[in-house]
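If you want the working numbering, it's the 1-based position in the sequence shown plus 109.
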Amino acid sequence: MHQLTLADIARALADRQFSSEELTRTLLERIKTLDPELNSFITVTEERALEQARAADTRRANGETGALLGAPIAHKDLFCTQGVLTTCASRILHNFVSPYDASVVERLASAGAVSLGKLNMDEFAMGSANESSHYGPVKNPWDLTRVPGGSSGGSAAAIAARLIPAATGTDTGGSIRQPAALTGLTGLKPTYGRVSRWGMIAYASSLDQGGPMARSAEDCALLLGAMAGFDPRDSTSVDQPLDDYLAGLNQPLNGLRIGLPKEYFTAGLDAKIADKVMEVVEQLKGLGATVMEISLPNMQHAIPAYYVIAPAEASSNLSRFDGVRYGYRCEAPKDLQDLYKRSRAEGFGAEVKRRIMVGTYALSAGYYDAYYLKAQKIRRLIRNDFLEAFKDVDLILGPTTPNLAWKLGEKNADPVSAYLEDIYTITANLAGIPGLSMPAGFVDGLPVGVQLLAPDFQEARLLNVAHGYQQVTDWHNQAPSGF
Numbered sequence: 110m111h112q113l114t115l116a117d118i119a120r121a122l123a124d125r126q127f128s129s130e131e132l133t134r135t136l137l138e139r140i141k142t143l144d145p146e147l148n149s150f151i152t153v154t155e156e157r158a159l160e161q162a163r164a165a166d167t168r169r170a171n172g173e174t175g176a177l178l179g180a181p182i183a184h185k186d187l188f189c190t191q192g193v194l195t196t197c198a199s200r201i202l203h204n205f206v207s208p209y210d211a212s213v214v215e216r217l218a219s220a221g222a223v224s225l226g227k228l229n230m231d232e233f234a235m236g237s238a239n240e241s242s243h244y245g246p247v248k249n250p251w252d253l254t255r256v257p258g259g260s261s262g263g264s265a266a267a268i269a270a271r272l273i274p275a276a277t278g279t280d281t282g283g284s285i286r287q288p289a290a291l292t293g294l295t296g297l298k299p300t301y302g303r304v305s306r307w308g309m310i311a312y313a314s315s316l317d318q319g320g321p322m323a324r325s326a327e328d329c330a331l332l333l334g335a336m337a338g339f340d341p342r343d344s345t346s347v348d349q350p351l352d353d354y355l356a357g358l359n360q361p362l363n364g365l366r367i368g369l370p371k372e373y374f375t376a377g378l379d380a381k382i383a384d385k386v387m388e389v390v391e392q393l394k395g396l397g398a399t400v401m402e403i404s405l406p407n408m409q410h411a412i413p414a415y416y417v418i419a420p421a422e423a424s425s426n427l428s429r430f431d432g433v434r435y436g437y438r439c440e441a442p443k444d445l446q447d448l449y450k451r452s453r454a455e456g457f458g459a460e461v462k463r464r465i466m467v468g469t470y471a472l473s474a475g476y477y478d479a480y481y482l483k484a485q486k487i488r489r490l491i492r493n494d495f496l497e498a499f500k501d502v503d504l505i506l507g508p509t510t511p512n513l514a515w516k517l518g519e520k521n522a523d524p525v526s527a528y529l530e531d532i533y534t535i536t537a538n539l540a541g542i543p544g545l546s547m548p549a550g551f552v553d554g555l556p557v558g559v560q561l562l563a564p565d566f567q568e569a570r571l572l573n574v575a576h577g578y579q580q581v582t583d584w585h586n587q588a589p590s591g592f
């Protein structure tokens, strides 16, 4: 059962091949047995999961249907979940039990999905390797000496190891797509505002977006259909009708115009990954697509702009964690100032402190115009590049990451080298457009991902192209040895 995709599970549950409770027990047992070496879960909600599974079985017995009814998933540990520990993988929230459900959690629960727990991540979603977690690093199932990517590394590792068929993730600068690429999965970052951020603990509010992670585009379509939609509780949620993501999967790709940005294929890209990208291009041509070279001239400014804007917003968002109302509080503070200083110093990890300090500096008097305001202007130029490109092409294709999954600890002494791993993904967040990473083969035994980018609210098109590619390839069905 654990090898089934989310879509396979939906069909099997509908055909009464097994019950949700049987499947849930099987996966919980796998988590107990296999997760200690992966560290992908922070909290396993066994009793609650079994209750939800039994409730789903009852609903099916009473004639109710629904693709996700009884299907097991898990949530990245920054989605607030009522009555469950919600930590953001930080010491400062080590004891925080959420009093309410995030909109995404609420919607998936309403669809009948069974949540097996909360998944490990980089602390407050800050990182590209899932090594900044207070609960320890997550390991890549394809090679336990390597990172799974971040910040949604727990989600990626758990799915790749067949502990769960699908999970929620969040993407601020590539944190769904990059770990999906490094673990051989399909991951989708929707258009900004397509999925509600209500109850999703913020890192950078103008960049964060929740999305689905799974093995196939079909699975992501199933999950996104339940996650997405307007939410009046989220001021950034967009009131626009949803596409039928499943119905559009099998549209032919004849006439599809794909752009290859020349800025992607530079010395910074591993030559073997570049070869895999071109193999995908040839296969999509065979399905009816045409390909042309395009330019995204302001891409070179993306990383410096992102690493001003995101830390600035983090500095503001994380000011609420001060040891007063909830979360970690230092022992025996001398006064209020000591409470603030020591609670934050002891509660936050090194990467979070680094980004808070950078962001506070960029927002300070005398530097706001020079850094934050200039970064926002560059952000506009980057979006304009995409708008111009999409006049000539339907989608943009390229590598998801410049390199393969690196060794645990390899980049810890040089944070900037880890930041550079986001070069191809952060532009989508700065521009607000949707992006998808899909498995495209292996190099030296490690997964490679290819990224597709589309105009605003064209998630259905991304899923359609990825699904078409996955009908003629088998990379998305490959499993790491031992799992």
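Heads up, the beta-carbon is just placed ideally off N, CA and C, and yes, glycines get one too.
Proximity of Pro-543 and Leu-571 at Cβ, strictly below 8 Å: yes
First through last residue of the alpha helix (DSSP H) which encompasses Met-336: 326-336
8 Å Cβ cutoff met for Cys-189 and Ile-310: yes
Span of the alpha helix (DSSP H), counted from its first residue to its last, around Glu-402: Here Glu-402 belongs to no alpha helix (DSSP H); instead the beta strand (DSSP E) covers 399-403.
Meets three-Cβ-pair contact criterion under 8 Å: the segment 561-569 and the segment 257-273: no
Which of helix, strand or coil DSSP assigns to Met-309: Strand, per DSSP.
Assumed close pair Leu-178, Ala-234 - CB separation to whole angstroms, cut-off 8 Å: Between Ala-234 and Leu-178 the Cβ distance is about 30 Å, and since that is not below 8 Å, they are no contact.
At least 3 beta-carbon pairs within less than 8 Å: the segment 210-217 vs the segment 240-259: Flag = no, the segment 210-217 and the segment 240-259 do not touch.
Sheet register partners of Leu-545 (DSSP bridge): Leu-297 and Leu-561
Close beta carbons around Leu-137, own chain, < 6 Å, minus the five adjacent residues each side: Around Leu-137: Glu-155.
Ordered list of beta strand (DSSP E) runs contained in the segment 161-235, each at least 3 residues: 181-185 and 223-228
Beta-carbon gap between Leu-228 and Asp-280 smaller than 8 Å: no
Contact under 8 Å by Cβ, Leu-122 with Arg-169: Judged by beta-carbon spacing, Arg-169 lies within the 8 Å limit of Leu-122, meaning their Cβ atoms are closer than that value.
Range of the contiguous beta strand (DSSP E) that encloses Ala-276: 275-279
Segment contact flag, the segment 297-305 with the segment 352-364, C-beta cutoff 8 Å, min 3 pairs: no
Reduced DSSP secondary structure (H/G/I, E/B, other) of Gly-395: helix
Delimiting residues of the beta strand (DSSP E) encompassing Gly-507: Gly-507: member of the beta strand (DSSP E) spanning 504-508, first to last residue.
Beta carbon of Pro-556 nearer than 8 Å to that of Trp-251: yes
For Gly-320, the residue or residues it bridges with in DSSP: Gly-278
Other residues of its chain near Ser-452: CB distance less than 7 Å, five sequence neighbours each side excluded: So the qualifying residues of the chain are Asp-431, Gly-432, Tyr-437, Arg-438 and Cys-439.
Collapsed DSSP secondary structure at Pro-596 in the structure displayed: Lying before the first or after the last residue shown, residue 596 is absent from the chain, which here runs from 110 to 592.
Buried or exposed by the 16-neighbour rule on C-beta atoms within 10 Å, applied to Gly-377: exposed
Among Gly-558, Ile-535, Gly-554 and Asn-538, nearest to Ser-546 - alpha-carbon criterion: With distances taken between CA atoms, Ser-546 lies nearest to Gly-558 out of Gly-558, Ile-535, Gly-554 and Asn-538.
Distance between Ser-325 and His-576 (C-alpha atoms, nearest Å): Linking His-576 to Ser-325 through their CA atoms gives a straight-line distance of about 7 Å.
Bridge partner(s) assigned by DSSP for Thr-96: Since the first residue of the chain shown is 110 and the last is 592, residue 96 is not available in this structure.
Leu-539, DSSP secondary structure in three states: helix
Best match in Ala-479, Val-467 and Ala-323 for proximity to Ala-289 [C-alpha to C-alpha]: Ala-323
Ala-383 at chain C interface by Cβ criterion, 8 Å: Looking for chain C here will not work: only one protein chain is present.
Whether Gly-320 touches Leu-297 by CB criterion (8 Å): Contact: yes.
Assigned secondary structure, Gly-368 (DSSP; H/G/I helix, E/B strand, else coil): strand
As assigned by DSSP and simplified to three states, the class of Gly-262: helix
Rounded C-alpha distance that separates Val-390 from Arg-366: Annotation: Val-390 to Arg-366 spans about 11 Å, alpha carbon to alpha carbon.
Candidates Met-401, Ala-270 and Gly-175: closest to Leu-506 by CA position: Among Met-401, Ala-270 and Gly-175, the Cα nearest to that of Leu-506 belongs to Met-401.
When Glu-372, Cys-329 and Ala-183 are compared against Gln-409, the one with the closest alpha-carbon: Across the set Glu-372, Cys-329 and Ala-183, the C-alpha of Glu-372 shows the shortest separation from the C-alpha of Gln-409.
For Ile-285, three-class secondary structure by DSSP: coil
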